[in-house]
Each structure stands twice: as structure tokens, then as C-alpha cells.
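Everything below concerns the one structure shown next.
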Amino acid sequence: MLSYRLADLSGPFFDPEKPFRNWSSFPYDQLDLPTAPYVDLHQLDQGVARACAQLDVLHAQGYNGVVVDNLAHLVAFDGPGEPVYAADSPVRRRALVYRRAFASLAEHAAALGMHFFVTTDMQWSTPELRQAVGVLDAGNPRLVALNQRALAELFAALPQVSGLVVRVGEAGGAHNQGDTYTGHMIYTTSAALRMLIEQLLPVCEESGKQLIIRTWSVGIGELGDLICSPARYAATFGGLTSPNLLVSIKHGPADFFRLLPANPTLGLPGPRQLIEFQNRREYELFGLVPSSIVTLHGMALARAARDPQCAGFWAWNSTGGWGGGQASLGQSGWNLWTELNSAVTAALADQAAFASETFVRDWLHTRLGLVCSPAFVDVAADLYRDSAQFLEQGWYMSHLPQAVNRLGGVYLSPLLWVWWMRPTASLPIWAYLAGAVASPQTVLEASARAVARARKYAERLAELATEAAEVQFVVDSARYLADVLALAYAIRACMFALLQQAQAVEPRLRSDLRKEVAQLMEQIAMHQATWRQRRDFPALELEEVERFLAELRTHPRRLELQARFALAAVGLIRHERKRALAGAAGLVGATGVALVMLGHRHGRLGLASLATGLALLAPLRHQAFQALLPWFSERFNVLPSIFFETGPALGEWVEG
Numbered sequence: 018m019l020s021y022r023l024a025d026l027s028g029p030f031f032d033p034e035k036p037f038r039n040w041s042s043f044p045y046d047q048l049d050l051p052t053a054p055y056v057d058l059h060q061l062d063q064g065v066a067r068a069c070a071q072l073d074v075l076h077a078q079g080y081n082g083v084v085v086d087n088l089a090h091l092v093a094f095d096g097p098g099e100p101v102y103a104a105d106s107p108v109r110r111r112a113l114v115y116r117r118a119f120a121s122l123a124e125h126a127a128a129l130g131m132h133f134f135v136t137t138d139m140q141w142s143t144p145e146l147r148q149a150v151g152v153l154d155a156g157n158p159r160l161v162a163l164n165q166r167a168l169a170e171l172f173a174a175l176p177q178v179s180g181l182v183v184r185v186g187e188a189g190g191a192h193n194q195g196d197t198y199t200g201h202m203i204y205t206t207s208a209a210l211r212m213l214i215e216q217l218l219p220v221c222e223e224s225g226k227q228l229i230i231r232t233w234s235v236g237i238g239e240l241g242d243l244i245c246s247p248a249r250y251a252a253t254f255g256g257l258t259s260p261n262l263l264v265s266i267k268h269g270p271a272d273f274f275r276l277l278p279a280n281p282t283l284g285l286p287g288p289r290q291l292i293e294f295q296n297r298r299e300y301e302l303f304g305l306v307p308s309s310i311v312t313l314h315g316m317a318l319a320r321a322a323r324d325p326q327c328a329g330f331w332a333w334n335s336t337g338g339w340g341g342g343q344a345s346l347g348q349s350g351w352n353l354w355t356e357l358n359s360a361v362t363a364a365l366a367d368q369a370a371f372a373s374e375t376f377v378r379d380w381l382h383t384r385l386g387l388v389c390s391p392a393f394v395d396v397a398a399d400l401y402r403d404s405a406q407f408l409e410q411g412w413y414m415s416h417l418p419q420a421v422n423r424l425g426g427v428y429l430s431p432l433l434w435v436w437w438m439r440p441t442a443s444l445p446i447w448a449y450l451a452g453a454v455a456s457p458q459t460v461l462e463a464s465a466r467a468v469a470r471a472r473k474y475a476e477r478l479a480e481l482a483t484e485a486a487e488v489q490f491v492v493d494s495a496r497y498l499a500d501v502l503a504l505a506y507a508i509r510a511c512m513f514a515l516l517q518q519a520q521a522v523e524p525r526l527r528s529d530l531r532k533e534v535a536q537l538m539e540q541i542a543m544h545q546a547t548w549r550q551r552r553d554f555p556a557l558e559l560e561e562v563e564r565f566l567a568e569l570r571t572h573p574r575r576l577e578l579q580a581r582f583a584l585a586a587v588g589l590i591r592h593e594r595k596r597a598l599a600g601a602a603g604l605v606g607a608t609g610v611a612l613v614m615l616g617h618r619h620g621r622l623g624l625a626s627l628a629t630g631l632a633l634l635a636p637l638r639h640q641a642f643q644a645l646l647p648w649f650s651e652r653f654n655v656l657p658s659i660f661f662e663t664g665p666a667l668g669e670w671v672e673g
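Numbers 18 to 673, taken from my numbering, label the letters of the sequence shown in order.
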């Protein structure tokens, strides 16, 4: 029985008129102010009103709980014990404001019979907390005591709270709010996480609350593979049987991608589990386009219904990713496609084999029927149905029969060529994909078919459209989908052609590659002319690809050599993947090996390439690695540029 049917609830609090990029949590960076009253009260009040309205919709859809962020913004340390914050501390005063606001939201949830959970990163901190604790170490007794005290205060101040959701596998770096609210990855081993559970669980048990531990991890430290390793899962959660403890697990072995197997840790012995889903699909353009989850979530929920270990699920309607546009939010914190996915996920939880096409058509007719024709609704429903195939063929590259799958502790994404809204020119990634697909030509043919079909949908919807705002959203969404799929086709055609030329014994005539470069540049120009000025449907982030193309036009020989190095590096990774090379460090290290080998073999880059390659083979904990990597990566097109802007700080990866 799926006792918990949870959804996140941060979308209603975003102000689409303010800058936003990081969707990984509640928009405190929009709400927090540097001066009294330290919170944008108008935006907060509007957010609470929209959130209450969304609660009503979620309840009607079949959800019975929500999850909001975060402990750091809700704790004032006003209870027993030494004071942590001064009475007039901005951190303390914010906590009191947010507690009052969330109390009204939690009361509304309670009136509907819904759970109300709060999240936290472990370890969170503020400057005052760090001063009170001293060393941020998992075994520091002062830190243990303050964590327990914070949790007890949360439950006392907000008795409607059902429990705490803990993330330990990603923190710090781009997730920090300056120096005021920061995260630290100090629970990076199974032993450390079990110790944290032993510290927090008694507080939850005493208050009759749940402690939910997320297994999400990004490859850092011993727990870097917790998301997908049955052995690591058993070492971490084996023997833990408290009914107040739950484990929350993504439905696949990596992030919220398609074309992956089921997460191998689902159903394992230990605490009961929640399955995490994402309705506002961050890797599929943030809800800006239709992205059917009928099959994706239906298969996982069908397995869950047969699994006594499954206690429920948690669906994300607004959390996750870096990018998106105003249309991702709509007027109420989610748009039509996300709300539809939310309704479909809830319906699948009731009956995984339900008549999905009829459900979708009826739902769209209810939402749009008064402002458009039945024919428009039918075409929109068909587009939603086919969107999964369009994305799998035109955005992903279908199944990757030669995929490596695991690189160190990380299960590789099937969507490596684009990170949220930013396509990459990373040559090792493209070299890997060229060898992982059935064949580049097959991928391009399927991609072209997806583009052609998506364009037909966009044209037909435009013909049938009225001027109503939600109808125009669907029309723009269909146009956007067709356009980004066409751009995806042009990018992969160019990159595959470069790699084919680098691989060939007798390279193709350079005029052929120049033709593909010109076609890609033309597609980029058309895309930017259409979308660059729009904040609702923004243009993709193409600076990395444009820089690569400029270099390819001026230094084609240099780029061809880099492509050869990348092919050699990927071959080395495939050969060495069971050894110490792991994650981004492994990719860079292998590329360093390739530079040494090929620079020595061909004499093309001389001492500079040899020195760079050898430097990358040095111990990766060295400080020089952190300074050298961004420069090296851009110079040799090694890693996606977005790696240096999102997620944990580079130091966390190096130290992990």
C-alpha cells in the first residue's frame, strides 16, 4: 500500500519577474533580504496563497502530503540551551518569519488531512552555527547536540510537521546562499551516515515523526554510489528497522532521466522506501515542452504496487535543475504540462494500467475546452502522448547499446550531450556517445524523424489555436519543442562528423565538415532570433557550442587532434573503468593519459601537451588540480562548462 503520496511545493513561491536559475530548492535567494524585515513579506504572502491553492489541487489529484525546504531557515535556537543567534540576528528573525508563514500552510495541509515534511541538507550551517560548533565534523559532539536541538525545535515550533527529509549526497558550492546559508559534505561514508541516523532518529521517535533519508548522491566519497549500489545500500541501512525511518530513492539509478533500468536498490531489505519522481522534467526543458511520463512512471509504480517495501512516492513538481524560463512556472507556480504530469502520476499510483490516453484527453478538455475547439484538445493530447518518443529520439539518442553505464560510483546519464539548457562541446562526451549509440547515422535518422513530426504538430496547433493564454502556451510550447529538436539534430550531426573525420584513416574532404558547421551556425542563428529575447521560452545556452564552432572554423586541425585525443581517452576509460578512475576526475585523468600518449606518439603538441598530460596524472587532491582544471577543460574541450557553475564545489569532489 502506498501510504505516502507526496509532492514538493516550492514553485508557488518563485517570483517569475525576479532572476532565477537554481531550482534545487525553495527560492530563498529571492525572498531573503539583507535589511529588516530580512524577508520579502509581499512575495512570501503571495507564495503562501498560491501554495494553499496548489495544495487544494494536489489533494484533489490524490496526493496526501507535501515537502518544503528547509531546516536552516526555520530554526532560531530559541529553546533550551546556549543561544546561537543574537536576538536581532537576521538569520533568527528570518526563521521566525518563515515559521509563521509555514505554520499557516501546514495548518491548511492538516485541514486537508495531508502530511507536511521539511527538508534539510546535512550538514547545513550559518556563520553563527559554525562559531558555536567549531570544527564541522560528523563526530563533533557540539554539532551532534545542535543538530538534535534544531530538530526538536522544529517539531515544537511547527507541530504539524510530519518529519524531516535529509540529503547528504550533494551540498555546498552553487547550492550555498553566499556565506550565510551553506552546506557541507561531511557524511560521506556508510558509518558516518548511520551515525547521523542514530543521532536524529531518537528525536523523531520521541515526537512521533518520520526521518526520511535520501540516497541521492553525485559520486563524492564512499557514499557516492549510494543511489545505485545494493552493496553500499546494505552497508548503510542494513539492520535498521525503526518504523519511524524511511529511505527515499530515485526511480532510476541516476538522476531523473529516461531510458534507464529500475534502480537496483528498490525493494532491498531495511527501512521501507519512498520512490522519487519528477513531473516538471528538468532534463527535458523544465516543463517548457510536453514530456509524457505515462510509461516512465507507470512502470515504476506498477513495480511499487507489488513491493511490500514501498511505502509511497514523492513527486517533484518544481524542484531540480539549473535553467528554465518564466513559462516553467506559469501563473501559479506550475504550468499546464507539469500539472498534467502531476495528475497522471497520481492516477498511475491508483491504477498503473489505467486508460491514460482517455485520462489525458479528458483532463485537457476540462482545462482548455472552454477556450478552444475539441480539435485543438485532440491534437494537444496526441502531442503529449507522442512527446516521450520525440524526446527519446530527438533529445536523447534512444537506447545506448554500447553504454559503459557505470564510471566509478556514478551511473552514467544517457543524456550527456546537453546539461539542462546548455549543450556541450565536450569532446570526450561526444566521443563516448559516438561509441555508445547503435550508429551515429541511425541516431541522426531517428532525430530527423522526430523533428519532422514535432513540426507538424506545431503547425497544426497553430492553425487551430485561439488567442486564449493557455492555448497560446501550448502553441508556443509545440514550436519550442520542434525548434530545440532541430537544433539538437544539427549539433549532433556536426559533432559526429568531426569525430568521424578524426577517426578515419582517410579523412573526409574538409568541405563536408565545413558544410555541417555552416548548417549548425545557421540553425543557431534562427534559434536565437526566435527565442533570445523571450523570458518565458528562453533560448538554449549556446555559448560553449559557439566558442567551439569559432575554434573549429579557425583551427580545424587543432580540433581534429583534440577529437583524436578524446577518442583515445574514452577508449582508455572503457578499459580502465573498473580501476581507480572515477567521475569527472577519471575523465580528466584519462584525457591526460591520452595527451601524454598521443602527444608523444605524434609529436603534435610538444612539451606543452606532455607536461599537461603528466600534470593530470598527478594526485588529484593537489591544489593545482582545482586551479588547472577549468582552464584545461576549456582549452581542450574536456568537460561541460556547466560543471563549474552548478552542484557541489570542486573542492568537495577533490576531497571526496
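Using N, Cα and C, we set each Cβ at its ideal position, and we do this for glycine too.
Span of the alpha helix (DSSP H), counted from its first residue to its last, around residue i
| i | result |
| --- | --- |
| R509 | 486 to 520 |
| G411 | 391 to 411 |
| F565 | 560 to 571 |
| I446 | 444 to 453 |
| F254 | 247 to 254 |
| K35 | Run containing K35: none; DSSP gives neither H nor E here. |
| A24 | No alpha helix (DSSP H) holds A24; the beta strand (DSSP E) holding it covers 21 to 25. |
| I214 | 207 to 224 |
| G14 | The chain is shown from 18 up to 673; residue 14 falls before or after that span and cannot be answered. |
| L381 | 373 to 385 |
Beta-carbon proximity check, residue i vs residue j, cutoff 8 angstroms
| i | j | result |
| --- | --- | --- |
| V655 | S443 | yes |
| I203 | D154 | yes |
| A471 | L432 | no |
| A495 | Y474 | yes |
| Q579 | F653 | yes |
| A251 | L291 | no |
| K267 | I237 | no |
| S10 | P29 | The requested residue 10 does not occur in the structure, where the chain is confined to residues 18 to 673. |
| S308 | W354 | yes |
| R289 | T253 | no |
| A366 | F330 | yes |
| T362 | S27 | no |
| A279 | R320 | yes |
| L675 | G342 | As displayed, the chain neither begins before 18 nor continues past 673, which places residue 675 out of reach and without an answer. |
| V454 | L417 | yes |
| D324 | L283 | yes |
| A675 | R564 | The question about residue 675 has no answer here: the residues shown for the chain are numbered 18 through 673. |
| V587 | G452 | yes |
Counted within 10 angstroms of its Cβ, other Cβ atoms place residue i as buried (16 or more) or exposed
| i | result |
| --- | --- |
| T258 | exposed |
| M18 | exposed |
| R117 | exposed |
| S20 | exposed |
| W141 | buried |
| S456 | exposed |
| H192 | buried |
| S626 | With a pLDDT of 38 at S626, under the threshold of 50, the modelled position of this residue cannot be trusted, and the question is left open. |
Enclosing beta strand (DSSP E) for residue i [first to last residue]
| i | result |
| --- | --- |
| H132 | 132 to 138 |
| W351 | Careful: W351 lies outside any beta strand (DSSP E) and carries neither H nor E. |
| V114 | That residue, V114, is in no beta strand (DSSP E); its alpha helix (DSSP H) goes 107 to 128. |
| K267 | 262 to 267 |
| L181 | 180 to 184 |
| L153 | L153 -> no beta strand (DSSP E), and no H or E assigned at all. |
| R320 | That residue, R320, is in no beta strand (DSSP E); its alpha helix (DSSP H) goes 311 to 322. |
Opposing strand residues paired with residue i [DSSP bridges]
| i | result |
| --- | --- |
| W333 | Q295 |
| W339 | N39 |
| S142 | T199 |
| P176 | Partner(s): none; P176 has no beta bridge. |
| Y691 | An answer regarding residue 691 cannot be provided, because it is not within the stretch 18 to 673 covered by the chain. |
Any non-hydrogen atom of the ligand HEM closer than 7 angstroms to residue i Cβ
| i | result |
| --- | --- |
| Q536 | The ligand HEM is not among the ligands present in this structure, which contains no ligands whatsoever. |
> Counting Cβ pairs closer than 8 angstroms, one from the region 226 to 233 and one from the region 174 to 189, do we hit at least three?
Replying inline: Touching, per the Cβ criterion.
> Counting pairs of beta carbons, one from the region 487 to 495 and one from the region 408 to 419, are three or more of them closer than 8 angstroms?
Replying inline: Flag = no, the region 487 to 495 and the region 408 to 419 do not touch.
> Does the region 445 to 454 come close enough to the region 506 to 522 that 3 or more CB-CB pairs lie under 8 angstroms?
Replying inline: Taking a contact to require three or more Cβ pairs closer than 8 angstroms, the region 506 to 522 and the region 445 to 454 qualify as touching.
>> Contact between the region 449 to 466 and the region 387 to 399 is defined here as three or more beta-carbon pairs at a separation below 8 angstroms; is this criterion met?
In response: Of all C-beta pairs linking the region 449 to 466 to the region 387 to 399, fewer than three are shorter than 8 angstroms, placing the two stretches out of contact.
> Is there contact between the region 83 to 103 and the region 128 to 138, where contact requires at least three CB pairs shorter than 8 angstroms?
Replying inline: As far as the Cβ criterion goes, the region 83 to 103 touches the region 128 to 138, which means the pair count is three or higher.
>> Whether or not the region 164 to 177 and the region 88 to 106 are in contact is what I'm after, with contact meaning three or more pairs of Cβ atoms, one per stretch, closer than 8 angstroms; do they touch?
In response: Proximity of the region 88 to 106 to the region 164 to 177 meets the contact definition, three or more beta-carbon pairs being nearer than 8 angstroms.
> Do the region 142 to 158 and the region 120 to 128 meet, that is, are 3 or more Cβ pairs less than 8 angstroms apart?
Replying inline: Contact check between the region 142 to 158 and the region 120 to 128: fewer than three CB pairs, one atom from each, fall below 8 angstroms, which does not count as touching.
> Should the region 537 to 552 be called in touch with the region 413 to 433, which here means at least 3 C-beta pairs below 8 angstroms?
Replying inline: No, because fewer than three Cβ pairs between the region 537 to 552 and the region 413 to 433 fall closer than 8 angstroms, the two stretches do not touch.
> Does the region 376 to 385 come close enough to the region 425 to 439 that 3 or more CB-CB pairs lie under 8 angstroms?
Replying inline: As far as the Cβ criterion goes, the region 425 to 439 does not touch the region 376 to 385, which means the pair count is below three.
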